[in-house]
Amino acid sequence: MKILLVGEYRENKLLDVTYDLIGFADKLEAEKIMLAVGYEEDIPKFDGKLYLADAKALGEYNPSAHKQLVLDVVEKENPDLIVFIHSSFGWDLAPRVATSLNATQFTEVIDYKDDSFIVPSCNSKLRRDLKSKTAKTVITIQAGAFTPLSEAQGTPSIENVSVDTSSNVNFVAYEEAEAKGLDLTKAEIIVTAGRGVGKKDNIPIIQALADKLGGELGASRPVADNAWVDQSHQVGTTGQTVSPKLYIACGVSGAIQHLAGMKKSEFIVAVNTDKDAPINEVADVLVVADVLQFVPALTSKLS
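Using numbering that gives the first Met the number 0, read the sequence shown as starting at 0 and increasing by one per residue.
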């Protein structure tokens, strides 16, 4: 199987999430080819071919130009899969490419098993197994779902590519979202409440531990969606991406979207009644216990 991976740059830098694409290709044991609109000063480390277009000439994102670049490489390499990260870049470009190729598109793939693409459904409560019926398939993969088998290394062979840049759309600049509420990215300690805390009335139990440790209260998506806490406390790909020195996950199952937002924490403690919960795969310490019994006991000890 041959896979075309479409890398991402932002503000002159290769995004680390680009290596998740390599992790996906590793899982499928596929031949890797990558296309990126970026900079020769900062190229991805892998063994394979890299088609590189100059972002200084094209801009970091131009939908017409980027689509044509992908189509040109597809025509030359004839890959079975074209893979994007499930990001604003991927959301916009993947359907344009899929439509042009008359190919199946699957969005937010989180796993691949038995020739099927696994995608979340019903707010990640269920999963669907999907198979493509077209010769080529376009997919976006969830950030954090696929980890490379080894540390990034290797030097790709570079082939420079270009395309007509005339377009009705021009990239101007990135505009940072207005900061609202709590900024968890600066917190050194975060204690996060997950669905396992049961109800809004139990949030103060988790808040008390956060306060005792001098940290901040975080929340998983279900907790934020249910308005048990303000949305500004949410950790994950649809919330804030954090990397504190200490992260305590209380009753957090560990959906892919949440793990992607906190797995770079220096030390992770998970408190969960389910010893097989996904959060436990990244935890340094696992406490198999009822959150509502263990957390108050820990807070009392700290006193």
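Positions of the beta carbon are idealized from the N, C-alpha and C atoms, including for glycine. Keep in mind that this is a model prediction, so the values were computed, not measured.
As a quick exercise: from the options, pick the residue whose alpha carbon is nearest that of residue i.
{"i": "H257", "options": "W227, E39 and R220", "result": "R220"}
{"i": "V69", "options": "T237, L51 and E215", "result": "L51"}
{"i": "L183", "options": "A54, Q233, E175 and V251", "result": "Q233"}
{"i": "A186", "options": "V171, A209, N167 and G250", "result": "A209"}
{"i": "E265", "options": "D91, L297, S165 and I188", "result": "I188"}
{"i": "A259", "options": "V251, A172 and A142", "result": "A142"}
{"i": "Q163", "options": "G217, V222, S63 and I205", "result": "Inspection of the sequence shows that residue 163 is occupied by Asp rather than by Gln. When only C-alpha atoms are compared, the closest one is S63."}
{"i": "L153", "options": "V284, K44, L14 and E40", "result": "Sequence check: residue 153 is Gly here, not Leu. Answer by Cα proximity: K44."}
{"i": "V228", "options": "N77, T191 and P78", "result": "T191"}
{"i": "Y38", "options": "T17, Y8 and S131", "result": "Y8"}
{"i": "E280", "options": "N61, I255 and L80", "result": "I255"}
{"i": "T110", "options": "L125, A144 and E174", "result": "A small correction: the amino acid at residue 110 is Asp; Thr does not occupy that position in the sequence shown. With distances taken between Cα atoms, D110 lies closest to A144."}
{"i": "G58", "options": "K130, A172, D25 and Q230", "result": "A172"}
{"i": "D41", "options": "L14, E158 and V82", "result": "L14"}
Looking at the strands, I want to know which residues DSSP matches up with residue i.
{"i": "C249", "result": "A192 and V270"}
{"i": "M33", "result": "L4 and L49"}
{"i": "A218", "result": "A192 and Q233"}
Rounded to whole angstroms, what is the Cα-Cα separation between residue i and residue j?
{"i": "V72", "j": "K66", "result": "10 Å"}
{"i": "S99", "j": "T136", "result": "12 Å"}
{"i": "E28", "j": "I2", "result": "10 Å"}
{"i": "A288", "j": "V5", "result": "43 Å"}
{"i": "C249", "j": "I140", "result": "27 Å"}
{"i": "P203", "j": "A296", "result": "14 Å"}
{"i": "T328", "j": "M0", "result": "Past the boundaries of the shown model lies residue 328; the chain is included only from 0 to 302, so the question cannot be answered."}
{"i": "S166", "j": "E76", "result": "25 Å"}
{"i": "T17", "j": "A134", "result": "25 Å"}
For residue i, report the span of its alpha helix (DSSP H) as first-last.
{"i": "Q292", "result": "V290 to L301"}
{"i": "I81", "result": "First-last for I81: L80 to I84, but that is the beta strand (DSSP E), not the alpha helix (DSSP H)."}
{"i": "I21", "result": "T17 to K26"}
{"i": "I202", "result": "I202 to L212"}
{"i": "H66", "result": "In the sequence under discussion, the amino acid at residue 66 is Lys, which differs from the His named in the question. Element bounds for K66: P62 to E76."}
{"i": "L14", "result": "Segment: none, L14 is in no alpha helix (DSSP H) and carries neither H nor E."}
{"i": "G260", "result": "I255 to M261"}
{"i": "L57", "result": "A54 to L57"}
Chain D beta carbons: is any one of them nearer than 8 Å to that of residue i?
{"i": "A223", "result": "Considering every chain present, this structure includes no chain D. It has just one protein chain."}
Over the uninterrupted beta strand (DSSP E) stretch that includes residue i, give me the two end residues.
{"i": "D91", "result": "No beta strand (DSSP E) holds D91; the alpha helix (DSSP H) holding it covers S87 to L100."}
{"i": "K112", "result": "D110 to K112"}
{"i": "A151", "result": "Premise fails: A151 is in no beta strand (DSSP E) and is neither H nor E."}
{"i": "F116", "result": "S115 to S120"}
{"i": "V228", "result": "Looking at the DSSP string, V228 is not in any beta strand (DSSP E), and its letter there is neither H nor E."}
- Message: Between the stretch 74-86 and the stretch 188-203, can you find at least three pairs of beta-carbon atoms closer than 8 Å?
- Response: no
- Do the stretch 235-246 and the stretch 285-302 make contact, defined as three or more Cβ pairs closer than 8 Å? no
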